[in-house]
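Shown next, in structure tokens, is the structure this report addresses.
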Amino acid sequence: MVEITIRKRPQTEAVITQRKFFKKTARGKVIKVLRERYLRDDVGCGIEGCRECPATSEELLPLNGDQNHQLYPNGHFILPDTNVFLAQMDLIESSLFNPPIILLQTVLEEVRHRSLPLYNRLKALTKADDKRIWVFYNEYRIRKATEWYNNHISLTRPPVRGKPPPNLPTVVLLTEDAANRQKADQSGIAAISVRKYVEGMVESTKLLDLLSATGSDEIEPTKAAGGRQVLYPEYLPSAALIAGVKAGELHQGHFNANPYNYLEGTVPVPAFEKPILLIGRENMNRAVQGDVVVVEVFDEKEWKAPADEVVDQETTLKNDDAEDSGEEGDENGEEVIAKESRVLRQESSTQKPPSERQPTGRIVGVIKRNWRAYVCHIDSTSLTSTLSTSLSTQTVFATPVSRLLPRIRLRTRQAPALLNQKILVTIDRWDTTSRYPEGHFVRALGRVESKEAEQESLLLEFEVPYRPFGKAILDCLPPEGDQWVVPPKHHDPHNIWRDREDLREVIVCSIDPPGCQDIDDALHAKQLLNGNIEAGVHIADVSHFVHPDNPMDSEAASRGTTVYLVDKRIDMLPSLLGTNLCSLRPYVERLAFSVIWELTPNADIVNVRFTKSVIKSNAAFTYEEAQIRKDDPNLQDDITNSIRLLNSLAINLKGQRMAAGALNLASPEVKIHMDSAESSDPIDVEQKELRETNSLVEEFMLLANVSVAKKIEEGFPQTAVLRRHLPPPKTNFEKLQDILKTTKGLTLDVSSSGALANSLDKCIDPNEPSFNTLVRIMATRCMLSAEYFCSGSVGRDTFRHYGLASEIYTHFTSPIRRYADVLVHRQLSAAIGFTPLHASLHSKSHVERVMNVINRRHRMAQMAGRASVEFYVGLALKGRTETRGVVREEAFVIRTFRNGVGVFVSKLGIEGLVTFKKDTHKFDAEKYTITIPNPGGGEKQISVFDKVMVQIEVEKDKNTQRGKVKMALIEPVESASTATFVIFRKEAHNNHGQWAHCRKVPVQAPPQIQANFDRDRERYTEPFQIPVPEHVQPRIPVDHTSPTGQMNPSASHPPPFQWGFHGFEQQRVQWEQDRDRLMSKAQETMSDMSEATLESLSGTIDTLRTKLAEHRAQREKQQRQLEQELEDKKRNPPRWV
Amino acid sequence: MSSRIEILNAGGYRSDGRRQYELRTIAIDFSPQGSNPDGSATISHGLTQVSVSVYGPREAKMRSQTFHDRANINIELSIAPFSAGERRRRGKGDKRILELTQTLKSTFEPVIQTSLYPRAQIDIYVQVLQQDGGLLQACINATTLALVNAGIPMLDLVCAVTGGVHSTSALLDLTQLEENDLPNVTIAVMPRSGKIALVSMETRLHVDRFEEIFRLAGEAGTVIHSEMKRAVKEKTAKLVDAMQLGKGSAAPNAENDY
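Protein sequences, first through last, are from chains A and B.
Numbering of the first sequence is given in the UniProt record's numbering, commencing with residue 1 and proceeding in unit increments.
Numbering of the second sequence is given in the UniProt record's numbering, commencing with residue 1 and proceeding in unit increments.
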């Protein structure tokens, strides 16, 4: 039974029992706010054994306060003011700082008002066990409270007669405000500054370090809410931007954020060899990763080298407030700006060799925003109320998963419910007055770390289209469905056998990773009578099923590639084709596109032919099975012999390739062990191994691709779909060369790919076998990424594939999972006269457009796959730490920063960063070393390529929900307390060029052999890097549900191709483009209209029609009448009297 | 900035210094409002102030509005534009006002013994002067008092109070600030009979919490009831005193006369 009472508030004392203030709304309206204040006399002082105050069960302050301080031998309590908490939170949080603190309610509220994160820290402190903090709910002014306490103490402890007067503890006002102290002194209150107070403490030396320098003697900066502060310069008008870019004064490019340092970004522009560096918030001027921006370059004097410090957004802006930042007054702003400029100053003070200097500049305008929906977490510290019952709108921060993006501010009513969820947030705008972009909540994806949510967020983050295929697309499949078979040769109504070679008798087999369902290639080899060898590569004939310009084709074009995640595959083509009709399964007749060579035993090509064919595979092996078969001398059957034949050829081919200067680079690839197929919980991670048969398949795929590339380039010199890998600019290698030279005394010759391959081979450290791999990984990161291109759009001399050392190259061998291969199939079949080439493949602009899309999709797919692996590595790590305690792994230092080192854990394939908190280490930029004092005495130097031991623990960041791996450096220096280790998700790879292969993962693999990229068909090492995100390409509009093809059936079947009518052809293509554009526009507007609108519209149309009909009928009637009259008149002309 | 204020802080105090189960100060005033009403009352719960004037029972102005067996209750409510922080004029047809009026009517119709006055009309004019949460509660309480003041027979006094839930702790008599943030419910009870006259909920409230709040609000109703009774008795005592004063002063005069 609770006691319900009525509190009385004396009306006469309204001055103190009411609060009245005016507030200005965002729209500029002034509102009067009147609030009550009930004064009470039952607020406890919190001192143990006080006889006047009501006893509480809570922890109390000691009777005599703290008696260890030099200045107050009688014992004391401290009573800090707001600024002490705002500026010296680190000090107060320190476990050494433990005098009894009286925390006033007004102070607490003020802290809350100024900075929520600080308030949360303070609140946590009041609950902490080792702190003695009593919250006193005062409603007096601060000096008064001290007075009250002192009076209270003396009142409640009157001197007892016969005893000496007791030593009364004093309450000391702790304030940084000199004026405040003065006033306090005048009224006889003990007041002291923080520094003085700490100096008098027992462990002063340790605590003095924690004192922050700010706010030494300044007056409390309570500014009136003036106008909003402008934080960013305005953009120039777009006309000025365009004119500037045309005149060469300004430069246009894509903005790339730096994942290591949120205050830095780069814009690569063609005018400079190195990308333009943007330092500081103001120069980055509200650009978000991927925006097309216009940059003004500064004078050469101001050019700088990029920073080598890690600046984390979360730690620097930890105390920033969602509601305040950049709005009304913004007391925090100055602090943040000061902090940031401090960081930047530090940067500029370090001297760098002039060779590292980059052009610097500032962004003066944005041509195109790349804003989309971002996967985010709600930052829990930015919430004012985490109670699920709270209904009020809150302004909170959403931290994007990607480290390249700034925090987004959004207003929501459901903030408490969205905590611990992955949510989708879009940016709406970014005003010059706001430090953060404003966004809105789109939808929740699910709980953090649930696989579904993580998976979906990956797909969204990398813009992978993952919707199921629509009806219009599925209608393009053969009507027989999975009953479809190759018709018998003698009864062939659809003319499938026309010009097809019958290769059903040839002994063909396929070699794939275990569990592979989409088998798109098979091989055969046989000895010819003349001593040469016939070898054939048979690729699934996807172009037989996917006709140009139908919904399935355009969907495949927009998807670009199949995306392989660890436990999911997002198909490019409907699975009926991918895993059944086009899959070259054993013992089934399948359509194929074959490349058949006659090779000498040394693998020199005598001749090559291309043909459409029908094959019947004799076996589907895994790499392992094929390897075992080949190595078993007892097996002498045809299949095994042909594998051996292929293998001997492959060895020769590889030799030739290597001699030509192909690169053999390494990649950190790992294999994830699954617990069981059902749960798909990863339990462990290890690096994968490669077999001879992997190389066998790889060599033949390369050979086929090269041969096909030659053929289609010959046939269609203007529009052939090819793939190239540009040689990396020499400057990319400079840093690596320098590092190798200074640390290991090795040189790297980068004059050509062959020279590079040779010098890479020489990079060996006899004591460290994996050193070579590490160098290869780092060399890979210096390279550019390979790309698809249209042969007519670039110069003939740039066709070369640098990594493969091949003059010409394309992708032909995986049409089920890559759209480029489908195009190549079409071009090849036209080149051999099998079918005419579809008009769209004659248009250079069309091919270019498609190439742009698939290049981008390709990159995104690689990054998504990698991110998925990383997620599972993280899970596995977590699993491992749970079952086996801490994980210790060897790691290599790959980069040194001024305040940390980048390390690479080769066993897990993850890369991370160790930052050192304390400023006790020495950094040598020239030698790439960092010297850390050893706790046991002495110092230890760590340089790039050094092997260190790290202890890895998984921990979830409370605020951002980002998976965080905490690590302690164990060897050579134990520094457990100073190191944190973060999994940099794909962002790390973005900027520094990560390395990946074309990979293929079987979906739903059996336990233990899981999901990996075992099947790297063309395992030739194509480094992939993200130089510039190409966000400008228009996405080919695909609508699953609207029957694009059916709306205009004549258009989807273009007229047969005619040679010679080039003008007509162009016109037609243009007309088709226009039609597409209009159609998609029309569909958009249509879909925008709601059903109701449409209904009412059609209703109106009906009524109009009937009215029109009536009208017409009436008019006709009138006409008829008139005619009749005229006739009448003619018949009997009026007689004039 | 309103979201920056803690509804219930760690020390168990609400934003205005009350504890969980403490009601705001109640001031009741029976001085007549408007043009010669039969009864009127002004009640303030903290900074929410409502004034009610009651006319009747009297003859209905329009015959169409009369009932042959009972009195017709006519309630009109107006909210002063200056009552809230933001100036806002609400017309007669405002949905919020219509809803409040209807709620009041259905609360009081069964309580007032209308069958005693067939063909009569009772006019109740409710004027909201100041708003700071608990509007409906103040309207109901003020109407009860005005009816009492007008001497209209009722089965019981209707006492209303709002309750809300912050996390798991129940709060009583919410201010505007609390009302905006918390799921809340207004409950009107008739403490003598223990009957419930009204339960009104405009936000979602967890069913497990409802019972607790409901019970608490019922008890709070009795507290308000005693406060009302005290005020009524005080007023009556004053009246009686005044009458006796008149009698006392009149009698000697009469004696003098005769």
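We put the CB at the ideal spot given by N, CA and C, even for glycine.
Check, Outcome
"Assign A:Ala190 to one of two classes, buried (16 or more other C-beta atoms within 10 Å of its C-beta) or exposed (fewer than that).", "buried"
"Would DSSP call A:Pro551 helix, strand or coil?", "helix"
"So is B:Gly134 in contact with chain A if we call contact Cβ pairs under 8 Å?", "no"
"Please confirm whether A:Val295 and A:Arg362 have their CB atoms less than 8 Å apart.", "yes"
"When you compare the CB of residue 1155 of chain A with every CB in chain B, is at least one pair closer than 8 Å?", "Given a span of 1 to 1137 for chain A in the structure shown, any question on residue 1155 of chain A remains unanswerable."
"So that I know if they touch, is there some Cβ in chain B lying closer than 8 Å to that of A:Leu419?", "no"
"Once you ignore the five residues that flank B:Met243 on each side, which residues in its own chain have a CB closer than 7 Å to its CB?", "none"
"Using the DSSP secondary-structure output, state which residues sit across from A:Ser594 in a beta bridge.", "A:His538, A:Thr611"
"Within 8 Å, do at least three Cβ pairs link the region 253 to 264 of chain A to the region 709 to 728 of chain A?", "no"
"Would you call the CB atoms of A:Ile854 and A:Thr561 closer than 8 Å?", "yes"
"Since A:His254 sits in a beta bridge, which residues does DSSP pair it with?", "A:Val292"
"My understanding is that A:Ala540 touches A:Arg590, with C-beta atoms under 8 Å, so please give their C-beta distance in whole angstroms.", "7 Å"
"Pick out the complete alpha helix (DSSP H) segments inside the UniProt domain \"Exoribonuclease phosphorolytic\" (22 to 153) of chain B, 4 residues or longer, and give them in chain order.", "95 to 108, 135 to 150"
"Can you pull the chain B residues whose beta carbon is under 7 Å from the beta carbon of A:Ile31, in chain order?", "Gly85, Glu86"
"Tell me the DSSP secondary structure of A:Tyr809 in three-state form.", "coil"
"Going by C-alpha to C-alpha distance, which of A:Glu110, A:Leu60, A:Arg112 sits closest to A:Ile101?", "A:Leu60"
"Using a Cβ-Cβ cut-off of 8 Å, state whether B:Arg18 counts as contacting chain A.", "yes"
"If you draw a straight line from the alpha carbon of A:Tyr928 to that of A:Ile605, how long is it in whole angstroms?", "49 Å"
"Is the CB of B:Arg24 under 8 Å away from at least one CB in chain A?", "yes"
"Hey, would you say A:Leu584 sits closer than 8 Å to A:Ala522, going by beta carbons?", "yes"
"Give me the DSSP bridge partner(s) of A:Ile764.", "Answer by DSSP bridge pairing: none, since A:Ile764 is not bridged."
"Taking residue 264 of chain B as the query, report the chain A residues whose CB atoms sit under 7 Å from its CB, ordered along the chain.", "In this structure chain B extends from 1 to 258, so residue 264 of chain B is not present and cannot be described."
"Is DSSP giving A:Leu277 helix, strand or coil here?", "strand"
"I need the boundaries of the alpha helix (DSSP H) containing A:Gln941, first residue and last residue.", "No alpha helix (DSSP H) holds A:Gln941; the beta strand (DSSP E) holding it covers 939 to 943."
"For a contact meaning CB atoms closer than 8 Å, what does A:Thr126 contact in chain B?", "Ala10"
"Could you work out which residue in A:Ala287, A:Gly280, A:Gln358, A:Glu249 is closest to A:Lys301 when comparing CA atoms only?", "A:Gln358"
"What does A:Ala135 touch in chain B if you count any residue whose Cβ is under 9 Å from its own?", "Before going further, note that residue 135 of chain A is Val rather than Ala in the sequence given. Under the 9 Å cutoff, chain B gives Asn9, Ala10, Gly11."
"Starting from B:Tyr21, find everything on chain A with Cβ-Cβ shorter than 9 Å and list it in chain order.", "Val2, Glu3, Ile4, Thr5"
"Taking the C-alpha atoms as reference points, what is the distance between A:Tyr587 and A:Ile507?", "11 Å"
"Answer yes if the region 31 to 48 of chain B comes into contact with the region 130 to 142 of chain B, meaning at least three C-beta pairs across the two stretches below 8 Å, and no otherwise.", "yes"
"For A:Phe397, name the three-state secondary structure that DSSP assigns.", "strand"
"Can you give me the Cβ contacts of A:Ile47 inside the same chain, cut-off strictly under 6 Å, excluding the 5 residues immediately before and after it?", "Leu61"
"Using only alpha-carbon positions, find the residue among A:Pro416, A:Tyr819, A:Ser392, A:Asp428 that is nearest to A:Arg407.", "A:Asp428"
"Would a check of beta-carbon distances place A:Ser390 closer than 8 Å to chain B?", "yes"
"Are B:Thr114 and B:Ile75 touching if we call contact CB-CB under 8 Å?", "no"
"Indicate whether at least one CB of chain A lies closer than 8 Å to the CB of B:Thr203.", "yes"
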